Structures are given as structure tokens and as C-alpha cells.
Amino acid sequence: MSPTTADASSDVLARLGAALERAASALVPGEERMPSVAFEAPRNPDFGDFATNLALQLARRARRPPQQLAAELVERAFEEEPSLRELIAEATPVAGFINIRMAPACWQQLVAEIVRRGRDYGRSAPNGTRISLEFGSANPVGPLVVVQGRALSLGDSLARAMRFCGFDVTTEWIVNDEGSQLDTLARSLHARYRRLFDPSFPFPEDGYPGDYLVPIAVRIRDEDGARWVDAEAAEWMPYFGRYGRDAIVAEQQTTCARFGVHFERWQSQHDLAASGAIEAGIAALRARGFVYEADGATWVRTTEFGDDKDRVVIRSDGRPAYFAADVAYHYDKLSRADRAILILGPDHHGYVARLVAIAGAFGKPGAISALIAQQMTLLRDGQVVSLSKREGNVLALDEIVDEVGVDAARFFFLLLNADTPLTFDLTLAVEQSSENPVYYVQYGHARIASIERKAPRELLERAARGEAVERLTEPPELILARRLAEFPAIVRSVVDGLAPNRLARYARDVAADFHQFYMACTVLGDDTQLTVARLALAHATKIVLANALELLGVSAPDSMERLASDPEARSV
RNA sequence: GCGCCCGUAGCGUAGCUGGAUAACGCGCGGCCCUCCGAAGGCUGAGACCGCAGGUUCGAAUCCUGCCGGGCGCACCA
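Residues 52 to 623, numbered by my numbering, are exactly what the first sequence covers, in order.
Put into C-alpha cells, the structure is as follows:
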């Protein structure tokens with residue numbers, strides 16, 4: 052069942068719901084609270100636009116057959132609220148359900164409303180809730196890879212959808228620049244640097260393979276010459292670590308920007324630790340009684356909040372454990388946001404419980420939630436592409452974008468639920484790009500733009516005012532209008548369920564309904580009024596498609612020609 | 001051993017805050033361009049929703065136990 056409480060129909064449904072509730076309390080007296088009346092869209096269109104199972108729920112208490120009860124509820128509700136008869140075509144009791152079919156006037160008015168509101172259709176006013184959304188974060192030791200592309204797509208779309216729904220969102224990226232991996236980076240970069248002077252200089256066994264450090268090493272040589280060749284490790288280690296981190300973070304930022312993703316905060320873990328946030332976070336937990344000492348270490352009682360085992364924050368050698376950074380960062384996040392959401396890679400799902408527990412320990416249960424972006428498998432020429440970092444044949448996100456383009460990549464990543472492992476067939480995406488679902492949706496948008504280019508300006512203006520919408524009476528027209536009505540509820544469900552894939556599928560549904568309408572109904576015809584009405588419907592569709600694509604981070608082109616040649620040209 | 005995720009048509013998936021004939025794409029079989037863009041539309045075949053119990057008027061959906069696949073279980077980051 053898709054959640055189809057449409058904007059235009061919602062006030063109608065609200066009034067009907069209230070009337071049904073009054074009818075129910077009159078027909079089924081009792082102390083117990085009445086179940087609230089919920090409407091849903093039946094999947095079978097024969098059952099109407101909406102249905103409610105109120106009678107089924109009340110049947111037992113009323114000790115009456117649901118079908119009979121449903122019939123009486125309907126009759127009584129219309130007596131309570133006679134004005135509903137104009138906007139509701141039918142309210143029929145069937146098998147205990149009450150099936151409701153809206154009058155065409157309901158959908159016609161919706162089209163006029165969408166056209167008048169324009170790109171604000173579906174948008175909610177600011178609600179004052181602050182959300183911290185962390186995603187994508189990769190260690191600053193190498194280029195972003197495909198898995199991060201998935202997390203970036205998910206996180207960015209969620210951020211867009213949340214803002215559209217009125218949330219105050221801060222997107223954050225944590226730069227994990229503490230610990231041994233930064234040392235490894237420093238040694239790897241230093242080796243690249245030394246090899247510029249002496250090609251036989253050994254590369255560390257546990258160093259980061261791949262050539263991406265070479266240009267950075269060259270830059271250091273250009274700036275400092277041979278200054279670091281004979282330097283002591285204690286001298287060059289911090290320099291190469293910091294230099295490498297900065298250079299790689301800058302590259303990661305470039306990749307994100309190219310991918311259409313913007314972060315408000317790039318939080319260095321090193322800076323966070325230096326600011327005393329770790330001590331502050333632990334102190335807060337201690338004040339609430341969830342910190343204790345054992346075996347020379349300092350622990351947090353995360354088991355109190357559903358974790359498998361308690362976690363060490365300060366190790367017996369006095370250094371903070373990695374978990375301390377989580378405590379610090381989330382203490383910080385929850386001081387400036389009501390809710391913190393993070394999207395993690397598949398290898399981190401073991402951390403979710405302890406992260407969620409932090410919120411509980413801070414006295415804000417439920418304030419932290421985590422979503423796992425499941426793993427991806429890449430296929431090229433029917434072969435699985437190995438993504439092992441060890442072997443150095445990582446496939447950078449930039450390379451994927453080069454191959455298939457940002458639009459196709461993002462849409463592809465978003466089409467599946469985050470929980471579902473994803474197989475991305477690069478060969479298919481490149482060679483048969485015309486069959487990629489993203490083009491189907493974009494084509495719908497381009498088709499409408501094309502119609503509007505051909506339409507007389509005067510008729511477009513009348514359509515933009517929502518004139519003549521009462522001429523929309525054909526089934527394909529009403530089906531499309533009803534689909535457009537779902538948009539606000541779909542965006543809300545994306546936010547509630549942290550599931551941007553619903554938006555991607557919805558966009559496809561809209562495009563499908565439009566293509567069918569387009570085939571069945573000529574927009575630019577001899578009947579001026581009808582043309583105006585259909586232009587209004589087409590324009591409303593264009594608005595919804597543009598909004599949906601925008602929330603997905605995919606472009607909404609007015610013409611497909613340019614796009615078609617683009618990835619082709621680059622892939623050669 | 002413990003925990004998390006996944007098991008729905010040949011393939012890939014949606015539906016999972018319980019509802020009426022299980023949906024979409026690809027693939028396979030038929031059709032539709034004197035007509036606003038065929039990157040489109042119409043139509044056919046194809047599923048005992050992993051298995052077995054339970055809760056319910058009603059279960060793909062909730063609970064329990066199995067089976068199969070993936071991943072994680074450090075005073076590492």
C-alpha cells in the first residue's frame with residue numbers, strides 16, 4: 052500500500068474521517084477509545100482511491116458483521132457531513148472495507164493547485180527540528196571509492212528530502228585523522244617522495260598502494276626540494292601526515308562537489324580531540340552514572356542501552372579508544388541538533404548498537420540512528436571487479452562518474468533500499484545507457500519541455516493559472532493527477548523511513564503514468580480549453596518530476612540530445 | 001558460539017508501522033511511428049513470497065525455530 056494521503060484530498064479525507072468517527076461513536080457506544088480512522092490506497096484500482104478498515108476493527112466490539120456495520124457507518128457519516136457528497140463520488144462498503152472514490156473535481160483542483168504553487172508543491176514550512184546527518188566519511192588516506200558513492204547518494208538525498216520537509220539539516224563529514232592510519236599515510240607518502248630521488252627506495256609493505264600519492268609527493272618535492280630526504284622520521288612524519296591528509300581531503304571534497312554533494316562541516320577528529328570534547332563527553336556520561344573503571348581502563352555501560360558489551364573509552368595506557376571519538380562527536384552533535392543520523396558502510400554495522408547506546412546514555416534515547424549502506428559488487432564485462440584495497444585496484448568514484456555520469460550513478464545507487472546489496476553492472480550502464488531507468492524519468496521531463504516549446508504562450512499562461520482543469524476527465528488524465536497527489540506523502544515517507552529509494556521509484560511511476568497519458572491524449576489539439584487543461588496537467592507533472600529529480604540529485608533536462616552523447620564520448 | 005543484513009517470476013528488486021486478485025524493471029513471445037520526441041506505448045507467458053510452526057477475522061509483512069547467503073564480533077582505527 053502506498054501512503055496516498057494527498058494534499059488536495061487530505062482535507063476531504065480528514066472531514067470524512069471525522070464524520071466516520073462521529074458515526075462510529077454513535078453506532079458503537081462504549082468506554083474504549085475509538086480506533087483512529089486511517090485511509091490507505093488499495094492496490095486494486097477497482098476498489099477506489101482510498102479505503103478504510105474501520106468497520107473491520109470495530110466489528111468485534113460491536114458484535115456485528117463488519118459488512119453491515121460498514122454500510123451503516125457510511126450512511127451515517129454522510130448525514131453528519133452532507134457537503135462531502137460533492138467531492139466524494141462513492142463510498143461503498145465491500146467485504147467490511149469502506150471503499151472511497153474521489154470525484155474528478157478533487158483531482159482537477161489538485162492540478163490547479165500544483166500549477167499555482169509551482170516548485171513549492173509538497174514543500175513543508177520549517178518545523179524547527181535540527182538534524183545532524185553524517186555520511187560518506189572516509190579515512191583521509193585515499194580517493195573515494197564506489198561504496199562511498201552509494202552512501203553519498205543516500206545521505207545527500209535524505210538531506211534534500213528532509214530540508215524539503217522543513218527540517219534544519221546539517222550535513223557532516225568526519226575526517227578520521229587520528230591513529231595509525233595517518234602514520235601509514237605519512238610513511239607511504241614519504242616513500243613516494245624518496246622514490247622521486249631514488250627509484251630503488253623501498254615502499255613500505257603495509258603502505259597504501261596505488262599511484263594517487265605520487266602527484267602529492269611531486270608537489271612536496273617542487274615546494275621543498277630534497278629537504279626531507281635525510282630528515283629524521285620524527286621530523287618528517289608529522290609533516291607528511293598532515294600534508295597528505297590535507298591534500299587527500301581536498302581531493303575528496305572535489306569528488307563530492309563533482310558528485311553534487313555538499314557538506315556543511317568537515318570535522319577533523321584531531322581538532323575535536325584537541326578541543327577537549329572527549330573529556331567533556333566522558334564527563335557528561337560520568338555525571339549520569341554510566342562510566343566505571345575496571346582493569347585499569349575506563350568503560351561506558353552501553354549494555355544498559357542494548358549493546359552487546361560495555362565499551363572501553365580510555366584504555367589502560369591512558370590513551371582514548373576509538374569509541375571515545377564517537378562519544379565526543381555525538382556529545383557535540385547532540386548539543387547542536389535534536390537528532391543525529393549517520394550512514395555507515397557495511398563493515399561498520401557492528402557499531403550501530405554502541406552508537407545508539409550513546410544517545411541513551413546521554414539521556415536522549417532514540418536521538419541517534421544509523422543506516423547501513425550495504426556493500427556493492429561491480430561487474431564489468433560480466434566479471435566481478437575486485438575492490439580490494441590491498442591489491443591496489445580500487446575503483447575510484449571519479450572513475451565511475453567518468454564512465455556512466457553523475458545522473459546515472461546516483462539514480463542507480465538510489466533505486467535500491469540501503470539494506471540491499473547492490474550489483475552495479477558497469478558495462479550495461481555504459482553500453483545500454485539508453486535503457487537506464489534514469490533516462491526514462493528524464494525523458495518524461497524533456498518530453499513535457501518539448502511540448503511547452505511548441506505551445507502558444509497565451510495557452511501556457513492560462514494553464515499556469517490552472518484554468519479549465521475541469522476538462523480533465525479521461526482515465527489516463529485522472530490517474531496521472533492522482534499520482535501527482537502522492538508526492539508530498541512520498542517525500543514524507545522517505546524522511547520517516549530513511550528510504551530515498553521510494554523517491555526514485557516514485558519518479559519512475561510518475562514518468563510511466565505521464566508516458567501513458569501522452570500516448571492516449573493529445574495535448575496540443577484543436578479544442579483550446581482542453582489544450583489548456585492538458586497543458587496544466589503536463590506542467591504539474593513537470594513540476595513534480597523536477598522536484599523528485601532534484602531531491603535525488605539528478606538533473607532534469609529540457610532536452611535529451613545533449614545527455615545522450617555525453618557519456619558515450621567520455622567512455623571512448 | 002553471539003549479533004546484524006538478505007532470501008518474493010529466468011535475472012535484479014519493490015512491498016515489511018498486518019488487509020481484499022503480491023507490484024516494477026530487465027529478459028522472452030505478439031503488436032503500435034501519414035499524429036505534440038518510439039530514450040515511448042499496448043499485450044502474452046512467468047511466483048505454492050526459503051522451510052515449519054504461532055499470533056490474528058486477515059500474514060510476504062509480527063513472533064519462535066530451522067535452512068541457505070553476506071557481514072561483523074579488540075583496551076585497532
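The C-beta atom is built at its ideal place from N, Cα and C for all residues, glycine as well. Just so it is clear, the structure is predicted and the values come from calculations on it, not from any experiment.
Candidates the options: closest to residue i by CA position
{"i": "P551", "options": "V403, D273, R461 and V378", "result": "R461"}
{"i": "Y343", "options": "R366, A325 and A324", "result": "R366"}
{"i": "A176", "options": "A77, A212 and E91", "result": "A212"}
{"i": "L323", "options": "R278, F341, R272 and D377", "result": "D377"}
{"i": "N104", "options": "C307, H590, E72 and R170", "result": "E72"}
{"i": "V192", "options": "R201, A237, P266 and R270", "result": "A237"}
{"i": "P96", "options": "T573, I530, A536 and G604", "result": "I530"}
{"i": "E355", "options": "A142, T579, A514 and G414", "result": "G414"}
{"i": "R243", "options": "F218, E223 and I271", "result": "I271"}
{"i": "V196", "options": "R174, R168, G261 and R167", "result": "G261"}
{"i": "I423", "options": "A412, H400 and A587", "result": "H400"}
{"i": "A102", "options": "A142, F129 and D273", "result": "A142"}
Start-to-end residues for the beta strand (DSSP E) that takes in residue i
{"i": "T428", "result": "M427 to R431"}
{"i": "D476", "result": "L473 to D476"}
{"i": "N150", "result": "F148 to M153"}
{"i": "F98", "result": "F98 -> no beta strand (DSSP E), and no H or E assigned at all."}
{"i": "V364", "result": "R362 to I365"}
{"i": "Y343", "result": "V342 to A345"}
Beta-carbon separation (whole angstroms), residue i vs residue j, contact threshold 8 Å
{"i": "I139", "j": "A154", "result": "6 Å"}
{"i": "R112", "j": "G68", "result": "The Cβ separation is near 19 Å, so there is no contact."}
C-beta atoms of residue i and residue j nearer than 9 Å
{"i": "L203", "j": "V312", "result": "yes"}
{"i": "L549", "j": "A599", "result": "no"}
{"i": "P488", "j": "F463", "result": "yes"}
{"i": "A372", "j": "R362", "result": "yes"}
{"i": "R127", "j": "L78", "result": "yes"}
{"i": "L588", "j": "V520", "result": "yes"}
{"i": "V455", "j": "L430", "result": "no"}
{"i": "T222", "j": "R316", "result": "yes"}
{"i": "L205", "j": "T306", "result": "no"}
{"i": "Y259", "j": "E302", "result": "no"}
{"i": "L135", "j": "R214", "result": "no"}
{"i": "A514", "j": "A584", "result": "yes"}
{"i": "R170", "j": "I594", "result": "yes"}
{"i": "D609", "j": "S501", "result": "yes"}
Run of the alpha helix (DSSP H) containing residue i, from where it starts to where it stops
{"i": "N552", "result": "N552 to A571"}
{"i": "D449", "result": "L448 to L466"}
{"i": "L323", "result": "Q320 to A325"}
{"i": "W287", "result": "A284 to R309"}
{"i": "Y380", "result": "Y373 to R387"}
{"i": "D275", "result": "V265 to D275"}
{"i": "P144", "result": "Counting along the chain, P144 falls outside any alpha helix (DSSP H), though it belongs to the beta strand (DSSP E) covering I139 to V145."}
{"i": "R127", "result": "P117 to E131"}
{"i": "E330", "result": "A328 to A338"}
{"i": "A536", "result": "P526 to A536"}
{"i": "A92", "result": "No alpha helix (DSSP H) contains A92, which DSSP labels as neither H nor E."}
{"i": "S501", "result": "P488 to K505"}
{"i": "R585", "result": "T579 to L603"}
Own chain residues within Cβ distance below 8 Å of residue i, not counting five before or after
{"i": "A418", "result": "L385, D389, R390, A391 and A410"}
{"i": "A110", "result": "P116, P117, L120 and G147"}
{"i": "L596", "result": "V492, G495, H496, I499, A558, V561, A562, F565 and A607"}
{"i": "M611", "result": "Y490, Q493, Y494 and A497"}
{"i": "L406", "result": "D377, H381, L393, I419 and A421"}
{"i": "A33", "result": "Given that the chain is displayed from residue 52 to residue 623, the structure contains no residue 33 and the question cannot be resolved."}
{"i": "T579", "result": "L510"}
{"i": "D234", "result": "M288 and G292"}
Beta-carbon proximity list for residue i, same chain, < 6 Å, skipping 5 on both sides
{"i": "L393", "result": "E185 and A421"}
{"i": "R246", "result": "F252"}
{"i": "S319", "result": "V226 and D228"}
{"i": "S375", "result": "Going by the sequence as given, residue 375 is Ala instead of Ser. So the qualifying residues of the chain are I329 and V364."}
{"i": "Q159", "result": "V520, E521 and L523"}
Chain-order list of residues whose beta-carbon lies under 7 Å from that of residue i (same chain, five-residue window excluded)
{"i": "E131", "result": "A70, R73 and A74"}
{"i": "S53", "result": "In this predicted model, S53 has a pLDDT of only 37, less than 50, meaning its place in the structure is not dependable; the value taken from the coordinates is given anyway. Around S53: A92 and E537."}
{"i": "H321", "result": "D228 and E229"}
{"i": "T592", "result": "I499, L531, L535, V561 and F565"}
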